[in-house]
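Participant: Chains as they are written, first to last, in our numbering: chain A, 1 to 696; chain B, 1001 to 1696.
#1: Just to check my reading of the structure: residue 1670/B and residue 1638/B have Cβ atoms closer than 8 Å, yes? What is that Cβ distance to the nearest angstrom?
#2: Following the continuous alpha helix (DSSP H) through residue 512/A, name the residue where it begins and the one where it ends.
#3: When the cut-off is 8 Å and only beta carbons count, does residue 1324/B lie next to chain A?
#4: Under 8 Å between C-beta atoms, does residue 439/A make it to chain B?
#5: Give me the Cα-Cα distance between residue 383/A and residue 140/A, rounded to the nearest whole angstrom.
#6: With 16 other CB atoms within 10 Å as the buried threshold, where does residue 218/A fall?
#7: Is there at least one Cβ from chain A nearer than 8 Å to residue 1328/B's Cβ?
#8: Could you have a look at residue 1594/B and say whether DSSP puts it in helix, strand or coil?
#9: Give me whichever residues DSSP pairs with residue 1570/B in a beta bridge.
#10: Between 214/A, 163/A, 402/A and 478/A, which has its C-alpha nearest residue 623/A's C-alpha?
#11: How big is the Cα-Cα spacing for residue 1438/B and residue 1288/B?
#12: Grab me the residues of residue 1021/B's own chain with a C-beta within less than 6 Å of its C-beta, minus the 5 sequence neighbours each way, in chain order.
#13: Could you tell me the alpha carbon to alpha carbon distance between residue 1668/B and residue 1578/B, rounded to whole angstroms?
#14: May I have a chain-ordered list of the beta strand (DSSP E) segments no shorter than 3 residues that lie completely inside the region 131-184 of chain A?
#15: DSSP on residue 579/A, reduced to helix/strand/coil?
#16: So what's residue 103/A in DSSP terms, helix, strand or just coil?
#17: Around the C-beta of residue 11/A, are 16 or more other C-beta atoms found within 10 angstroms, so that it is buried, or is it exposed?
#18: Report the residue ranges of all alpha helix (DSSP H) runs contained in full by the region 1252-1335 of chain B; include only those spanning at least 4 residues, in chain order.
#19: Rounding to the nearest angstrom, what Cα-Cα distance links residue 60/A and residue 604/A in this structure?
#20: At 4 residues or longer, and completely inside the region 1204-1249 of chain B: list those alpha helix (DSSP H) runs for me, N to C.
#21: For residue 1358/B, write down the residues that DSSP places opposite it in a beta bridge.
#22: Going straight from the alpha carbon of residue 1259/B to that of residue 1068/B, what length do you get?
#23: Please say whether residue 1673/B and residue 1315/B have beta carbons closer to each other than 8 Å?
#24: I believe residue 617/A touches residue 675/A by the beta-carbon criterion, under 8 Å. Please report the beta-carbon distance rounded to the nearest angstrom.
#25: Is the shortest distance between the beta-carbon of residue 141/A and the beta-carbons of chain B less than 8 Å?
#26: To the nearest angstrom, report how far apart residue 1280/B and residue 1373/B are at their CA atoms.
#27: Any idea which residues DSSP pairs residue 71/A with across the strands?
#28: Any C-beta of chain B sitting closer than 8 Å to the C-beta of residue 460/A?
#29: With a cut-off of 8 Å on the beta carbons, I'd call residue 1115/B and residue 1169/B a contact; round off their distance for me.
#30: With three or more C-beta pairs closer than 8 Å as the rule, is the region 459-467 of chain A touching the region 399-408 of chain A?
#31: Bridge partners of residue 1652/B, per DSSP?
#32: Going along the region 1534-1566 of chain B in order, which residues come within less than 7 Å of chain A, judged by CB to CB distance?
#33: If distances are taken between C-alpha atoms only, which option among 369/A, 326/A and 347/A comes closest to residue 1330/B?
#34: Can you name, in chain order, every residue of its own chain whose Cβ lies under 8 Å from the Cβ of residue 199/A, other than the five neighbours on each side?
#35: What are the complete alpha helix (DSSP H) segments, minimum 4 residues, inside the region 459-517 of chain A?
Given below as structure tokens:
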């Protein structure tokens, strides 16, 4: 530790004065991979007796559905997830006139189930270790050569394992920030149909205000169905539906694909997130929110168009608020510092004057602080932020895929940007060809916001900004691009994709021409980021990972990376300041909380069914299992492998889980199978699904 | 220093490892009061020979105009300030059809000069010390009793000194955060007329993007005229107009009323600003900005209505960004910590085991962090933040003044909320009775945003939020209040004010009724804040101020408080990363920078005069004088007492000046008298003003 700076010294000094805490996982902590789940510890903590066969069944019953999780609940491909996980699907199959978000989607027969545009679902069938190949690929390299060699090797591994199989997907997963690499093989379903969604308000009662909070009264559940060869998939391995009233203290397991945690970051890295990443992301998201809210108030059409985008944006934004709160909480940061000091001390004892990975990461921070705005705004893919490139404009993203896809496919797979490697083209095409509605005025709002914020944050005289805008204004350029483009038509997109670089270069579509014109600056910022931020970060993180294994053995788990994990805990309420409640809410509570004014208005069909719903039916409950965003829809399973509900949320306080586990405040919020059963049977006339679930 | 916590220790440890820097003012540092200006040091630093008579003349030629500064430039009451300081006046006297922001306001004869609604201007005529009286008033008291006793004493002092004189204002000014109290007596002008404003775009070329930056090309200047008895005021003491080309290195002085600095805050207090105050203020301001931008795009009427509010909001927001950047800059914070350690060491050497004012302030921080959102959103007046109560809704603020004014005037002056003490009622009435246009739809946008953000930040189940909204939604309540109220009519406001509590209580105006209904919670949060945050902060700050005098003598200056100060420096460019330029821009540069697309479109009349304007005329320049927001419009004076320009801005990097002086980055941005002269003569046909200024 020769290289301690004043700032690092300060962290040490602070941490040494508090109770030093180790980095080993505590009981109920951890989002564990299925090939390293602490079976014995979990059984000991919970008093259960699960085994490897149990783990295998749970894994094969668990589904990754876009950015969400889900669980198979019948032998005929029926899958439960959250309503908010199908909200975009519902929006895509709705029109202003026939709006399933308002009415619910309740097909009376299986044949009326409707395909979700671009929807895919995956079941994790195999895990194998590819650490040696991946580490060898980058050995001796620096900068962008290092990241490119790694990316190319991952593409090769994936392609070798999955080839062109349409019903499989292979993914090299980076664990422990480079400490391990695993090849995950999925059974892939490209035909996913919506089988049931409640009225949106039944799932979002309380709206953004009740989001990330408890007590909660939301039937945030929906069903999709997996199809193969135009028929329901056969899924003999699935969770048994258990709609019985839940019992406080019951041991539970949650299987899902939590999105991303940053628990293994050093204090220096966390301070970059606190000082640069979150402020940029949150501040500009807040302005977009304001623009969209006002847009949605301009008329019924605008309200319809903006509903799903606003909900998604508000969810990300509120999660960010919870994260800001964590990183500005002196006690939480002291806890993180204490854990880092414990690790540093163990490392120093074992390595003496060896290389200093903390110092290497500290040296990256000024560069990351400098480059983050340009990378986040112009390119995306920073791995730490949430700012959507082009404001999430669908047209822009399609155009980028077309232009880059054409340019990259001219090269050998290993030479391409990794997202266009052969092993990933199927996924790219599936997104590109999906038949999704496009709302031009909304697209223009997004693009205008993005151009305006990029100009503001990078400053008007920045050469990249000049390349982006030329002599046009954000208002004028965004209007010109959206008015002129034909990319809303899937046939046009397909023709350009299939026509390759020649077709793209010959296109006079203004959005294609625009994307062609900005490739140089956007690719340059990405190269800069990869070489000066990503590569040195990856290399130092890999050394830290090895050191962590040496210090703590396999009692550590990897950061979440959007891949399947298993967590465990109990059905339990909460008793900390700002978060005091028992574990259950009932329909009684819903009727009490309703004011009639949005978002506290009960959905009409739900309200109409009030007399048929047993008032003491548990709607939502909380668990102590370790959770983070992306776990949405995760099946909650008891020790017998029965499904008790679907994870749909956590609390604002729980957002600190992104950076460090705190059992006191960590709570998942679950919609129960009991509430879903009564909704299907007593509200929405979906007895056919109740029967399929086992009829109880 | 027995009470050092881990966090404090960490600051010490960090600071001790850097070069410890003292807290005494460095050359060119300081916003000095006119009764403690370091004449000798300034003369030594600049090579000038100013004296007390010079100071007196400058003080009597300097004007406070609302939240801005200004300088008298003729014997007949002509005053130069910034165009952005008269922007609200211009908006108030404009209509969509006759919009002076578009055309400029160029009265051909003095009789056509138009009164600014509610505009007042003040000249500081006398300063006397009232420290003993003020400190005695609070002696032995704690909590709200302490703040109330102080407030009451200030009101008594002001009333005794100014009585009911209509042309005077008396103000007890708190300096050094309670180390000194001074009575400032002003000559007050209640009839202020607009004498000239350029086209808005001439003053705001580059808009928000070029705001807080340099090189700059903005004729951000305007003229008002002081009137007495319906005739131009006689002002024999005034600055001599000097439109000569400015020379790099010239010593200059800037006299103005900088708004507020927080340089004397402890590190613990600064971290509260960083972690709680700035994030709340900035995040919600960003959403309001988004709502207003979209609103302004809905039509020409909306664009007209929202223009002035957006400019003001963006200015505050961008300043906040600069402040966030300062408080998250590790080097800057190390510098602040080093200064604190130096002070602590001196304090410990002198006081041994005496009381620990740092510890007292540290103990306040958790409470301030907890109470800030409620205080900022429900009541305002936190002294640290910028969030406007009720979104700055003019109707709401009038209604609050009417309701509280009526309630408070039932009590003896010393018992009232201090803003309704007898000595302040004249100012209250002048604002209340001003004839200002009201735009109902815009008012509704502001109120809806405010209600919505208050509910979000305080949470929906907070009792205060329930009191604020009842069972209504922000959308519904804001619409109902704005549609129903008659307070846009000045006669209605006057009748209610003059009718007193009886009239207010009998009113069926929905906004009056609403304000009556929320008095209990809003007054309660204010009482809570005063007793648990303000009082202990004031008491500890007073002890720190005494300690600072003991440690550094009179070489320290007080934080800025919106009262008249004098700073000094030189005409100088900048040479630090991100801020490298010479001190001058010319009209040549303007023509070069223009793209034709807003906000880089040259104002039409200015463009039409291109051939008449000498291209090498200096438009803007930068100074090294110590600056902060509120200095806008400050006269820039040379050692001969001639005016060379008006301060109108600084840079984003300079915003750290709020918390600590850094000569390297500190730069004021000035519009020159030369540019103003050519604009008056060559663009706007205002030869009569050029003649009045001396005819050069």
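Cβ atoms here follow ideal geometry from the backbone N, Cα and C, with glycine treated the same way. Because the structure is a prediction, the values reported are computed rather than measured.
Facilitator: Looking at the coordinates:
#1: Not really, about 12 Å apart at Cβ, beyond 8 Å.
#2: Note, residue 512/A: alpha helix (DSSP H), 510-517.
#3: yes
#4: no
#5: In this model, residue 383/A and residue 140/A are separated by some 24 Å (Cα to Cα).
#6: buried
#7: yes
#8: coil
#9: 1251/B
#10: 214/A
#11: 18 Å
#12: No answer about residue 1021/B holds up, because its pLDDT of 47 lies below 50 and its placement is not dependable.
#13: Taking the straight line from one Cα to the other gives about 16 Å.
#14: 168-175
#15: strand
#16: helix
#17: Since pLDDT at residue 11/A reaches only 49, below the 50 mark, its modelled position is unreliable, and the value read off the structure follows with that caveat. Looking at its Cβ environment, which holds 16 or more other Cβ atoms inside 10 Å, residue 11/A is buried.
#18: 1267-1272, 1278-1296 and 1300-1327
#19: Their Cα atoms are separated by approximately 37 Å.
#20: 1207-1210
#21: DSSP lists no partner for residue 1358/B.
#22: 8 Å
#23: Judged by their CB atoms, residue 1315/B and residue 1673/B are not nearer to each other than the 8 Å cut-off.
#24: About 6 Å separates the two Cβ atoms, so the contact holds.
#25: no
#26: 7 Å
#27: 62/A and 80/A
#28: Among the residues facing chain B, residue 460/A is included, as its CB has a counterpart in that chain under 8 Å away.
#29: 19 Å between Cβ atoms; not a contact.
#30: Counting Cβ pairs under 8 Å, fewer than three are found: no touch.
#31: Looking at the DSSP assignment, residue 1652/B forms no beta bridge with any residue, so it has no partner.
#32: none
#33: 369/A
#34: 101, 102, 103, 104, 603, 604, 605 and 606
#35: Along the region 459-517 of chain A, the alpha helix (DSSP H) occurs as fully enclosed runs of 4 or more residues at 463-469, 474-484, 490-506 and 510-517, listed in sequence order.
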